[in-house]
């Protein structure tokens, strides 16, 4: 299954790892905001989300860090890169 398929088929949860301020400035509809620095302390919440997770941020750097950390914890996830790219695929699912 590709990242695009996961997003278009709504088969997981989109998690935006940007700060709350960045998230409030624009985000993927239905996404959940868990800032990168809060991930270790919110693992119980994260593991309860619908898998796989699609992680996004502004450019893909922070979501890449989050993906590496979560995969090491046994969480099924993808680095979606920029939230704008994830939003593009999510919008196609609604069309």
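In the working numbering, the protein residues as written are -1 to 93. Quick reminder that beta carbons are idealized off the backbone N, C-alpha and C, glycines included. Keep in mind that this is a model prediction, so the values were computed, not measured.
Selected residue, minimal CA-CA separation from residue i, among the options
{"i": "residue 56", "options": "74, 14, 36, 65", "result": "14"}
{"i": "residue 70", "options": "91, 92, 25, 45", "result": "45"}
{"i": "residue 37", "options": "19, 65, 20", "result": "65"}
{"i": "residue 52", "options": "89, -1, 0, 77", "result": "77"}
{"i": "residue 33", "options": "10, 59, 8", "result": "59"}
Euclidean distance between Cα positions of residue i and residue j
{"i": "residue 49", "j": "residue 17", "result": "22 Å"}
{"i": "residue 82", "j": "residue 67", "result": "22 Å"}
{"i": "residue 23", "j": "residue 42", "result": "27 Å"}
{"i": "residue 79", "j": "residue 31", "result": "15 Å"}
Range of the contiguous beta strand (DSSP E) that encloses residue i
{"i": "residue 13", "result": "11 to 14"}
Span of the alpha helix (DSSP H), counted from its first residue to its last, around residue i
{"i": "residue 1", "result": "1 to 6"}
- [ ] Just list the beta strand (DSSP E) runs in the segment 62 to 90, keeping only unbroken ones of 3 residues or longer that don't cross its boundaries, in chain order.
- [x] If we require 3 residues or more, the beta strand (DSSP E) runs fully inside the segment 62 to 90 come out as 75 to 80.
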